[in-house]
Amino acid sequence: MANKNEDVRVNLSQRIQTLLEQFNALKHENAELQKELEWRRKEMAQQSEKLVALQKEADRLRCLYGMLDDKSEEKAFARQKIGKMVREIDKCLQLLLG
């Protein structure tokens, strides 16, 4: 009977040891995945900033092209952008002088 109890204890101890090893491996894997996730979030934020900058540059070029070209669509876009800029400048001047 004592031998059987000893076998159960050893078996249980081995199972616990295996579970602890698996737990530590998963803990390490989780830490690595968290680092990768953080890196990917930063990369995504940088790409998003680049996209915004490129969209602004595309709008500026489209506006410039609209001023140089006689196409009505591009000219209308340029006028719209310039009008928006003038309104923003007017608001700033009102705040400064106001």
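The opening residue of the sequence shown carries number 61 in my numbering; numbering runs sequentially from there.
No residue lacks a Cβ here, since even glycine has one placed at the ideal position from N, Cα and C.
Whose CA, out of the options, lies closest to the CA of residue i?
i           : options      : result
residue 143 : 95, 156, 127 : 127
Looking at residue j and residue i, is the spacing between their C-beta atoms short of 9 Å?
i           : j           : result
residue 124 : residue 138 : yes
residue 119 : residue 141 : yes
Give the C-beta separation of residue i and residue j to the nearest angstrom, bearing in mind that I take them to be a contact with Cβ-Cβ under 8 Å.
i           : j           : result
residue 103 : residue 122 : Contact doesn't hold; Cβ gap of about 28 Å is too wide.
Please list, in chain order, all residues of the same chain as residue i whose beta carbon is under 7 Å from its beta carbon, the five residues on each side excluded.
i           : result
residue 148 : none
residue 88  : none
Report task. Report the residue ranges of all beta strand (DSSP E) runs contained in full by the region 80 to 148; include only those spanning at least 3 residues, in chain order. Result -> Fully enclosed beta strand (DSSP E) runs of 3 or longer: not present.
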